[in-house]
């Protein structure tokens, strides 16, 4: 959908210490997310954009990579140059056997 114009990174190549910005909805977040990820639903980005770090590695994630690619484009258009899309989203994260957690202790899953 966005092709090579969106800077991307695979789940296996997310840099240590990257700020993982999860833009999924609340129910998706509650079902399972990456440890240390920061939750900021996509629809809230315009009014909370200043919460997104302007330095360091920022990796944006959703379920499959479409919404996060839109957020990366939006951030790039608004002056952020340190953002990348997580290719394949949380589905790819899960497939790469990366850690996932929930806040309530239930088994994590991607919905």
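In this note's numbering, the protein residues as written are -14 to 96.
The C-beta atom is built at its ideal place from N, Cα and C for all residues, glycine as well.
Keep in mind the model is a prediction, meaning the values are calculated, not measured.
- Around the CB of residue 9, 16 or more other CB atoms lie within 10 Å, so the residue is classed as buried.
- When the beta-carbon positions are compared, residue 25 and residue 53 stay at least 8 Å from each other.
- Check the Cα spacing between residue 27 and each of 77, 5 and 47: the tightest is with 47.
- When only Cα atoms are considered, residue 60 and residue 41 end up about 14 Å apart.
- By the neighbour-count criterion, in which a residue is buried when 16 or more other Cβ atoms sit within 10 angstroms of its Cβ, residue 37 is buried.
- In the three-state DSSP reduction, residue 25 falls in the coil class, being neither helix nor strand.
- With 16 or more neighbouring CB atoms inside 10 Å of its own CB, residue -7 falls in the buried class.
- DSSP places residue 94 outside both helix and strand once states are collapsed to three, so it counts as coil.
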